[in-house]
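Take a look at the structure below.
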Amino acid sequence: MPVDTSQFNVPNERRQATREADSSRPTILIVEDEAGPREALKLILRPFYNLHSVDSAEAALHLLKEQAVDLVTLDLKLPGKQGAELLQDIKREHEHVEVVVITGYGSLKSAMDGLRYGASGYLLKPFNVTELIAIINQSLEKKRRLEVLRDSLRQFENAWRMRQDTSSAWKTLSALLEAKDPELVRHSNRVHGYVTRLADRLSLTPEERELVRIGAWLHDIGKFGVEERLFSSIIRQADREDEFAKFHSEVGARMVQSLALPPAVGEIIRHHHERYDGSGYPDGLKGDEIPYLARLVGLANAFDELSAGRSQNDQLPLEAAKEYVRRQAGILFDPSMVKQFLKDLR
Ligand SMILES: [Fe+2]
28 MPVDTSQFNV PNERRQATRE ADSSRPTILI VEDEAGPREA LKLILRPFYN
78 LHSVDSAEAA LHLLKEQAVD LVTLDLKLPG KQGAELLQDI KREHEHVEVV
128 VITGYGSLKS AMDGLRYGAS GYLLKPFNVT ELIAIINQSL EKKRRLEVLR
178 DSLRQFENAW RMRQDTSSAW KTLSALLEAK DPELVRHSNR VHGYVTRLAD
228 RLSLTPEERE LVRIGAWLHD IGKFGVEERL FSSIIRQADR EDEFAKFHSE
278 VGARMVQSLA LPPAVGEIIR HHHERYDGSG YPDGLKGDEI PYLARLVGLA
328 NAFDELSAGR SQNDQLPLEA AKEYVRRQAG ILFDPSMVKQ FLKDLR
């Protein structure tokens with residue numbers, strides 16, 4: 028789809044900006060099969076970034092192996108391998124590279140798929156230059172923040188490897204997260220508290236106890252990787268907010284995937300919103316299909332959301348929250364856990 032370049036007001040001297048790589052600038056790879064839009068993107072982005080451009084998925088993967096790239100702008104409609112498939116390949120093989128999808132054929136489904144497969148932004152053609160630059164810069168900023176977060180998460184990995192208590196790792200990490208979302212840190216602390224007590228009653232092994240404690244602390248970590256403002260209005264609308272928020276469990280699991288934490292931690296994060304009757308997300312798992320430790324964190328998480336939700340209006344009195352959980356035993360929650368959980372609250 029053609030991009031209307033008449034709206035781009037790029038000064039002449041900028042068009043002549045040097046083509047040599049400047050190490051202080053981020054490097055962007057433009058993946059676009061149509062020459063018109065590709066040249067337009069180069070014209071707009073050249074003053075601010077080091078650029079590479081290719082016209083196919085195969086060329087993109089080849090270039091990513093050879094060159095350090097910070098961000099890819101990706102056209103979804105490519106010859107041969109499709110953009111959505113390329114996005115998955117990029118996130119699998121080069122997870123630190125951010126991807127902004129730019130498409131002329133936007134739909135709710137493709138935007139949701141973009142988010143699911145790890146795109147950090149989504150933009151519709153014909154786009155506006157200011158919006159394009161803003162989304163790219165915010166994605167690069169998010170990349171920097173995630174790198175700091177990932178470094179901090181490595182402390183869990185180290186503590187696990189050295190068989191040490193992970194509480195000090197959580198202290199460092201929560202200091203970092205507190206600045207962005209103090210309520211989320213309080214919620215994680217409460218879920219951790221419930222889970223620790225429940226784990227004592229359920230005769231878990233010492234290793235399982237440590238795993239479920241780490242999982243409880245990190246279960247919502249994906250909320251720091253999901254940013255609505257970087258997505259097009261297709262899914263930014265108020266009524267889509269819930270849909271959008273659901274991606275945090277998949278995003279969080281992906282964030283810890285690159286660490287050498289045990290896979291069980293990733294499973295807890297991915298499946299903490301699954302429900303016993305299969306009505307949860309992201310995979311709609313049922314009963315025993317849901318990993319045991321994820322069921323445990325899921326119950327503690329749901330109870331905390333009921334009894335200490337974000338806004339006062341969402342909160343139920345403690346007795347009502349307990350009654351709700353009791354009634355949902357065998358429906359939303361594992362009945363054997365509910366019994367122990369309620370016993371414990373007494
Ligand atoms: Fe959650």
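Numbering (the numbering used here) for the sequence shown: 28 to 373. Glycine included, each C-beta is placed from N, C-alpha and C at the ideal position.
Who are the near neighbours of residue i in its chain, counting only those whose CB is closer than 7 Å to its CB and skipping five residues on each side?
{"i": "residue 78", "result": "55, 57, 69, 72"}
{"i": "residue 197", "result": "244"}
{"i": "residue 205", "result": "212"}
Put residue i into one of helix, strand or coil per three-state DSSP.
{"i": "residue 157", "result": "helix"}
{"i": "residue 206", "result": "coil"}
{"i": "residue 102", "result": "strand"}
{"i": "residue 303", "result": "coil"}
{"i": "residue 358", "result": "coil"}
{"i": "residue 79", "result": "strand"}
{"i": "residue 125", "result": "strand"}
{"i": "residue 132", "result": "coil"}
{"i": "residue 279", "result": "helix"}
{"i": "residue 292", "result": "helix"}
{"i": "residue 54", "result": "strand"}
{"i": "residue 151", "result": "strand"}
{"i": "residue 225", "result": "helix"}
{"i": "residue 119", "result": "helix"}
{"i": "residue 67", "result": "helix"}
{"i": "residue 319", "result": "helix"}
{"i": "residue 254", "result": "coil"}
{"i": "residue 312", "result": "coil"}
{"i": "residue 59", "result": "coil"}
{"i": "residue 218", "result": "helix"}
{"i": "residue 199", "result": "helix"}
With respect to 7 Å, is the separation between the Cβ of residue i and the closest non-hydrogen atom of ligand 2 below this value?
{"i": "residue 201", "result": "In the structure shown, ligand 2 is absent; the only ligands present are ligand 1."}
Taking buried to mean at least 16 other C-beta atoms within 10 Å of its own C-beta, is residue i buried or exposed?
{"i": "residue 361", "result": "buried"}
{"i": "residue 427", "result": "In the structure displayed, the chain extends from 28 to 373; residue 427 sits before or after that span and is not available."}
{"i": "residue 347", "result": "exposed"}
{"i": "residue 59", "result": "buried"}
{"i": "residue 354", "result": "exposed"}
{"i": "residue 89", "result": "exposed"}
{"i": "residue 287", "result": "exposed"}
{"i": "residue 189", "result": "exposed"}
{"i": "residue 370", "result": "exposed"}
{"i": "residue 43", "result": "Confidence is the limiting factor: at residue 43 the pLDDT is only 42, short of 50, which leaves the residue's position unreliable and the question unanswerable from this model."}
{"i": "residue 99", "result": "buried"}
{"i": "residue 210", "result": "exposed"}
{"i": "residue 145", "result": "buried"}
{"i": "residue 227", "result": "exposed"}
{"i": "residue 334", "result": "buried"}
{"i": "residue 158", "result": "exposed"}
Whose C-beta lies closer than 8 Å to the C-beta of residue i among residues of the same chain, with five residues either side of it excluded?
{"i": "residue 237", "result": "187, 193"}
{"i": "residue 104", "result": "60, 110, 130, 131, 132"}
{"i": "residue 364", "result": "225, 229, 322, 323, 326"}
{"i": "residue 356", "result": "362, 365, 366"}
Report the option in the options whose CA atom is closest to the CA atom of residue i.
{"i": "residue 229", "options": "60, 367, 185", "result": "367"}
{"i": "residue 154", "options": "138, 130, 174", "result": "130"}
{"i": "residue 331", "options": "279, 48, 205, 299", "result": "299"}
{"i": "residue 183", "options": "161, 242, 217, 215", "result": "242"}
{"i": "residue 295", "options": "218, 178, 270, 114", "result": "218"}
{"i": "residue 215", "options": "92, 140, 247, 93", "result": "247"}
{"i": "residue 116", "options": "278, 84, 139", "result": "84"}
{"i": "residue 106", "options": "93, 86, 91", "result": "86"}
{"i": "residue 239", "options": "223, 205, 251, 213", "result": "223"}
{"i": "residue 326", "options": "335, 318, 96, 352", "result": "352"}
{"i": "residue 180", "options": "50, 372, 324, 292", "result": "292"}
{"i": "residue 160", "options": "53, 175, 225", "result": "53"}
{"i": "residue 102", "options": "140, 74, 152", "result": "152"}
{"i": "residue 162", "options": "256, 212, 121", "result": "256"}
{"i": "residue 372", "options": "175, 220, 208, 252", "result": "220"}
Going by beta carbon distance, what residues of the same chain come within less than 6 Å of residue i, once the five residues before and after it are set aside?
{"i": "residue 48", "result": "77"}
{"i": "residue 304", "result": "358"}
{"i": "residue 142", "result": "274"}
{"i": "residue 108", "result": "84"}
{"i": "residue 82", "result": "60"}
{"i": "residue 317", "result": "298, 301"}
Touch check for the segment 163-175 and the segment 121-138: three-plus C-beta pairs under 8 Å?
yes
Cβ contact check for the segment 342-358 and the segment 194-213: 3 or more pairs under 8 Å
no
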